[in-house]
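According to the UniProt record's numbering, the sequence shown is numbered sequentially starting from 1.
No residue lacks a Cβ here, since even glycine has one placed at the ideal position from N, Cα and C.
Here's the structure we're looking at; comments come further down.
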Amino acid sequence: MVYCGKPSKGCENCRAKRLKCDQKRPSCSQCSNKRRECRGYRDTIDLAFRNESQKVVTKYCKGFAASESSEDRHKLQNLGYPWLQYADTLKPTQIRPSINEPMEDVAVTFLLKDYIQGSHFEYLPALYTVGDVEGVLSTALKAVGLASLSLYASRPELRTQALMFYSKAITKVNNSLKSQNATQRDDVLASIMLLSLYEALTLRKTSDTKAWSSHIHGAWSLVALRGPQQFQTKVGLELFKHIATGVRLFCIQNCIRIPIQLRELVESAALYSQTPDPIFSQPSATEAFTDLRTDIAEGLLSEPDDIIARCEVVLRLVEDFFVINLSCQQYDRVAVGPPEIASAQKFCINFRNHQVAYAWNAAWMAKLALNSMIYKQELQVLKKAMSPEEMVSNASRTIRAVKAQEEIAKAAENVCATVPQSFQLNVPPKRSEKPLAAVFMGYSLIWPLFTVGANPLVTASTKDYIINTLIYIAREFKLPQAHWAEELLREGASDEAWMHMYHAF
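What follows is the structure in structure tokens.
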């Protein structure tokens with residue numbers, strides 16, 4: 001497949017007569033004025049890639065194909081990593097620019113065609129095809145497209161171009177916010193979320209998440225002003241779900257209570273969702289979990305038994321989420337054996353789509369965190385037990401601690417079992433709407449995998465499996481953040497302050 005330049009967005013009649021088309025819907029002005037049928041517009045994303053002869057590919061694309069080092073591959077094989085045989089099937093569409101095609105256009109097509117497919121950003125193609133080519137959304141897409149292509153194609157020189165378009169996008173967003181209809185413009189809201197993605201993609205090891213957080217705050221401010229009417233369109237609903245996810249992650253990670261207005265909007269949005277959506281079926285558990293972390297951080301909750309009691313309340317809400325979504329049959333458990341996929345798991349889990357995968361991993365992370373709190377508090381009380389009365393209660397506390405440890409092991413096992421489908425290493429799921437895209441799933445797995453690997457109660461084999469998986473993600477999909485996470489696990493660190501950003505991809 002070769003990138004063949006940006007195709008005309010005009011209708012069929014205007015393209016045939018080489019007329020300038022204003023792309024109005026349902027009929028352009030040229031067709032309306034001449035009272036002829038307007039036959040609609042093409043899908044420009046699919047048209048961007050066409051079959052070309054090998055001669056053209058060789059002539060114009062030499063040097064653009066990504067090279068692989070046999071030495072690097074040998075290192076991974078020495079680690080006992082099993083998935084290298086599948087690597088060729090995981091590569092997104094090869095990026096082969098046609099002659100004289102601006103690199104930013106190549107990058108936008110790469111972003112829309114490969115990088116964000118299956119992610120929270122799936123609403124972008126619909127917005128981009130009807131958007132202004134020189135507008136705020138187009139500029140933000142170029143910034144993120146160049147940043148993602150710089151990483152994936154190992155083209156560091158593209159970072160300068162990406163930064164230039166990022167600066168332009170910020171200026172255009174700020175100018176757009178001055179307009180009277182700014183709060184109702186989906187393209188402005190989507191551009192702000194793209195700016196947050198740019199910050200996540202270009203994060204350096206010594207950076208912080210302030211810039212990402214500022215964009216999430218900006219997007220939330222607009223969403224709060226839009227009100228329930230934003231849910232009347234599919235794009236509006238998808239945008240809200242994306243931003244709500246980012247705000248929740250920020251609140252959880254920073255021990256800040258979820259805004260009441262967001263809680264109310266989530267309830268309203270659920271009424272407009274035509275299919276069961278895990279994002280709307282877990283608000284009470286998410287809010288309770290965030291409130292628990294906030295109360296502990298603020299010193300409002302400090303006694304071991306009080307913390308344990310609250311953890312058990314939140315765990316019941318998480319279990320309710322599992323029951324509700326199990327009834328919808330939103331994932332499959334597929335048994336696997338060593339000949340088919342060599343991993344630490346005896347099974348893998350196939351999800352219906354990314355939204356479901358995200359919600360379940362978040363729920364398993366919550367179970368792991370809550371049971372870790374219970375285990376820690378029970379152990380703390382057991383160590384202080386001195387009187388005969390306290391010693392009598394030791395048995396029940398020990399039982400609860402052991403049960404918590406077992407639940408931690410189950411949650412860890414389930415998170416690890418989501419890895420195979422993420423990289424399409426197992427048989428395609430029966431109910432899957434489409435394969436989960438590998439690149440973005442690589443990002444969204446960093447936080448769950450690190451959370452499991454950093455837990456002191458998981459087994460050594462599970463930790464090794466996670467480290468090897470992160471090595472694989474870093475190498476195959478050029479994600480330096482996965483390499484940082486792997487390094488932290490090897491060092492025994494538990495700093496995850498920046499990883500939540502990638503769970504909002």
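Range of the contiguous beta strand (DSSP E) that encloses residue i
i: residue 350; result: 347-351
Length of the line joining the Cα atoms of residue i and residue j
i: residue 291; j: residue 305; result: 17 Å
i: residue 468; j: residue 453; result: 11 Å
i: residue 150; j: residue 115; result: 12 Å
i: residue 478; j: residue 381; result: 46 Å
i: residue 19; j: residue 135; result: 22 Å
i: residue 371; j: residue 363; result: 12 Å
i: residue 161; j: residue 190; result: 21 Å
i: residue 233; j: residue 413; result: 38 Å
i: residue 410; j: residue 403; result: 11 Å
i: residue 113; j: residue 476; result: 18 Å
i: residue 104; j: residue 317; result: 46 Å
i: residue 407; j: residue 253; result: 22 Å
i: residue 298; j: residue 355; result: 32 Å
i: residue 92; j: residue 122; result: Because residue 92 sits at a pLDDT of 44, beneath the cut-off of 50, its placement in the model cannot be relied upon, and the following sentence gives the value as read from the coordinates. So the alpha carbons of these two residues sit roughly 16 Å apart.
i: residue 257; j: residue 229; result: 25 Å
i: residue 28; j: residue 102; result: 28 Å
i: residue 24; j: residue 125; result: 17 Å
Pair within 8 Å by beta-carbon distance, residue i and residue j
i: residue 280; j: residue 270; result: yes
i: residue 216; j: residue 235; result: no
i: residue 195; j: residue 107; result: no
i: residue 321; j: residue 285; result: yes
i: residue 307; j: residue 377; result: yes
i: residue 222; j: residue 171; result: no
i: residue 470; j: residue 485; result: yes
i: residue 200; j: residue 165; result: no
i: residue 421; j: residue 353; result: no
i: residue 447; j: residue 358; result: no
i: residue 203; j: residue 481; result: yes
i: residue 250; j: residue 214; result: no
i: residue 361; j: residue 398; result: no
i: residue 268; j: residue 237; result: no
Endpoints, alpha helix (DSSP H) assigned at residue i
i: residue 405; result: 394-416
i: residue 262; result: 260-272
i: residue 219; result: 210-226
i: residue 458; result: First-last for residue 458: undefined, no H or E at that position.
i: residue 238; result: 234-254
i: residue 498; result: From DSSP, residue 498 is part of no alpha helix (DSSP H); its letter is neither H nor E.
i: residue 168; result: 158-176
i: residue 145; result: 136-152
i: residue 361; result: 354-384
i: residue 102; result: No alpha helix (DSSP H) contains residue 102, which DSSP labels as neither H nor E.
i: residue 279; result: 278-281
i: residue 117; result: Neither: residue 117 is in no alpha helix (DSSP H) and is coded neither H nor E.
i: residue 486; result: 480-491
CB contact below 8 Å: residue i versus chain B
i: residue 208; result: No chain B is part of this structure, which consists of one protein chain only.
Exposed unless 16 or more other CB atoms sit within 10 angstroms - verdict on residue i
i: residue 35; result: exposed
i: residue 494; result: exposed
i: residue 32; result: exposed
i: residue 16; result: exposed
i: residue 187; result: buried
i: residue 180; result: exposed
i: residue 40; result: exposed
i: residue 278; result: buried
i: residue 366; result: buried
i: residue 225; result: exposed
i: residue 26; result: exposed
Report task. Any chance you could list the alpha helix (DSSP H) runs of at least 4 consecutive residues sitting entirely within the UniProt domain "Zn(2)-C6 fungal-type" (10-38), in chain order? Result -> Those alpha helix (DSSP H) runs which fall completely within the UniProt domain "Zn(2)-C6 fungal-type" (10-38) and span 4+ residues are 12-16, 29-33.
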